[in-house]
Amino acid sequence: MSETFSFDQLPSFLVEALKEQKIEQPTDIQIKMIPEALAGQNLIARSQTGTGKTLAYLLPALAKVNKENKNLQVVVLAPTQELAMQVVDVARSLTEKESIVIGSYIGGANINRQIEKLKKQKPQLAIGTPGRLLELLEQKKLKLHEVQVVAVDEADRMMAERPSWEATMQIAKRAGRDTQFLFVSATIPKDFSEQVADAAPFVVQLEAEGSLVNTEKVEHLFIRADERDKIDVARRLIHAENIEKGIVFVNQLDKVSETAEKFSYKASKHCHYLRINLSMKENMHYDRFKKVRLIFS
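Just so we're aligned: 168 in UniProt numbering is position 168 of the sequence shown, and the numbers increase by one with no gaps anywhere.
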């Protein structure tokens, strides 16, 4: 079945959304995972970062959403706020022309605002971090009684962080017996199948490869610097190593734009910072993005 899979087997709204994004050929993990997921199989899928895992679970999950049913039907769990919001952006890009309600529920955001939004409209697809989603479930603001699919992204990382994993397993126990579970990860711990056996007792494990950067050729540098010198040190490093394209991660959201502006002032041209109030699609607008040398996030 997997050898003959094509995106045309998905609902028409997903096929059209993929075409608009110029995504025409499924990757190896998508070829192996999507048909099994559409068939209702519980899955543990391993594939390296950057090989299309998000679409591999999101496409079949969205295909199962009944638009006439206004209750929660799909839950996606991610270990970090950043990853959760990336998944939200992908889901919204796939459903722009559909009336599927998507809700984001991440820790760090104001829970009272999330609750107020839930009072006005319930999501059909909920994406968030395990702790916050569990909190909303415990307060009975979200209900899992009609959930068909629970997808867990970066399952290995989730398992390594005890609070997140415990919350994930609590959510899994609250789901119905017929709920389908999709675990995706870059690595699979040896006892992972046993760890999820209570939630997904009959699970198929898939593995796929993808063409990625050879990590043996990646050089890692660690440099200590005082807070006031970090921008100058980073700028000199970029110049010394002749880095033509790069991403600069800033650990404080309110410092991102300030850091980008200082780099630009110091003559590092073509800097761009990701704005939280814009979608990933808007942030990465091609005409602007192709000229960018450094991205700050």
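C-beta: ideal position from N, C-alpha, C; glycine also. Being a predicted model, the structure only gives us computed values, none of them experimental.
| Item | Value |
| --- | --- |
| Alpha helix (DSSP H) containing Gln81: first to last residue? | Gln81 to Leu94 |
| Using a beta-carbon distance below 8 angstroms, is Lys70 in contact with chain D? | The structure shown contains no chain D; it is built from a single protein chain. |
| From which residue to which residue does the beta strand (DSSP E) around Ser6 run? | From DSSP, Ser6 is part of no beta strand (DSSP E); its letter is neither H nor E. |
| What is the DSSP secondary structure of Tyr286, counted as helix, strand or coil? | Below a pLDDT of 50, predicted positions are generally treated as unreliable, and Tyr286, at 41, falls in that range; the measurement from the model is reported next regardless. Three-state result, Tyr286: helix. |
| Could you tell me if Glu36 is buried or exposed, where buried requires 16 or more neighbouring beta carbons within 10 angstroms of its beta carbon? | buried |
| Just checking my contact of Phe7 with Val15 at CB under 8 angstroms: how many whole Å lie between their CB atoms? | 6 angstroms |
| With contact counted as at least three CB pairs below 8 angstroms, one residue from each stretch, are the stretch 221-231 and the stretch 176-186 in contact? | no |
| Quick one: any contact between the stretch 82-98 and the stretch 60-71, if contact means 3 or more CB pairs under 8 angstroms? | yes |
| To test your reading of the DSSP string, which unbroken beta strand (DSSP E) runs of 3 or more residues are found completely within the stretch 158-215? | 180-185 and 203-207 |
| Would DSSP call Ile106 helix, strand or coil? | coil |
| Please state whether the Cβ-Cβ distance between Leu142 and Leu72 is less than 8 angstroms. | yes |
| Might you give, ordered along the chain, the residues of its own chain that have their beta carbon closer than 8 angstroms to the beta carbon of Gln139, omitting 5 neighbours on each side? | Ile115 |
| Rounded to whole angstroms, what is the Cα-Cα separation between Arg235 and Asn242? | 10 angstroms |
| Skipping 5 residues on each side, what residues in its chain have a beta carbon closer than 7 angstroms to that of Ala225? | Val233 |
| Hey, quick one: how far does the alpha helix (DSSP H) through Ile31 stretch, first residue to last? | Asp28 to Leu38 |
| Bridge partners of Arg46, per DSSP? | Ser185 and Glu207 |
| The alpha helix (DSSP H) that contains Val233, what's its start and end? | Lys230 to Ala240 |
| Report, in whole angstroms, the separation of the C-beta atoms of Ala151 and Lys173, which I expect to be a contact under 8 angstroms. | Not a contact, Cβ separation roughly 16 angstroms. |
| Helix, strand or coil, according to DSSP, for Lys217 in the structure here? | The predicted position of Lys217 is uncertain, since its pLDDT is 48 and thus under 50; no value can be drawn from it. |
| Whose C-beta lies closer than 7 angstroms to the C-beta of Val88 among residues of the same chain, with five residues either side of it excluded? | Ile102, Ser104 and Ile127 |
| Taking Met33 as the reference, which of Pro60, Ala109, Leu237 and Thr168 has the closest Cα? | Pro60 |
| Are the beta-carbon atoms of Gln86 and Gly108 separated by less than 8 angstroms? | no |
| Between the C-alpha atoms of Leu222 and Val248, what's the straight-line distance to the nearest angstrom? | The question names Leu, yet the displayed sequence has Phe at residue 222. Distance between the alpha carbons of Phe222 and Val248 is about 14 angstroms. |
| Assign Arg113 to buried or exposed, taking buried as 16 or more other Cβ atoms, counted over all protein chains shown, within 10 Å of its Cβ. | exposed |
| Are the CB atoms of Asn42 and Phe202 nearer to each other than 8 angstroms? | yes |
| Which one of Thr129, Lys120, Val75 and Lys122 has the shortest CA to CA distance from Glu161? | Thr129 |
| Can you find the residues in the same chain that come closer than 6 angstroms, C-beta to C-beta, to Leu38, ignoring five residues on each side of it along the sequence? | Pro60 |
| DSSP state of Val150, grouped into three classes? | strand |
| Is Val74 helix, strand or coil by DSSP? | strand |
| With distances taken Cα to Cα, identify the nearest neighbour of Ile188 among Ile171, Glu207, Gly176 and Ala175. | Glu207 |
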